[in-house]
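Heads up, the thing below is written out as structure tokens.
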Amino acid sequence: TSDLRETNRFLLRMGQWTDDTAMALCLADSLLANGGFHPRDVRLRFLAWWMLGYNNAFGKDKAHRDKVWGNAGSVGLGGIIGESISEFARLPADYTRTGSATSSGNGSIMRNAPVAIMYRH
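In UniProt numbering, the protein residues as written are 1 to 121.
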């Protein structure tokens, strides 16, 4: 494995994770901290992930992040979740008004495993 190269889209190293895992960790933290679903807290943690690097893959590898991405807090923000995070920064409400019924992204599915684990019984 020592000869593997950084060939992924975000130039992450082995063991580092993408936005979907980071946001799943944000959701898990929120569920545990609040004893259940608290939408505003989830959105706040997503904002902290994007702006401050909360739960991102660079926690112990800031030198690599700085080299590859400059001062970006995190990587991988999709269009619809990006709109929602921007909206929340301006108006911290429980739920977003962005997106549409015809949106076809799958990011929410990839980051929702903590919900199934939290409410397994």
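All C-beta atoms, glycine included, are put in the ideal place defined by N, C-alpha and C.
- Remark: C-beta atoms of Gly73 and Gly53 approach each other more closely than 8 Å.
- Only residues of its own chain outside the window of five on either side were considered, and among them Asp94 have a CB closer than 6 Å to the CB of Arg40, listed in chain order.
- Leu44 sits in a helix when the DSSP states are folded into three classes.
- Shown here, Arg120 sits in coil according to DSSP, grouped into three states, outside any helix or strand.
- Taken through DSSP and simplified to helix, strand or coil, Phe10 comes out as coil.
- In the three-state reduction of the DSSP assignment, Gly82 falls in the helix class, which pools H, G and I.
- DSSP places Trp17 in the coil class of the three-state scheme, outside both helix and strand.
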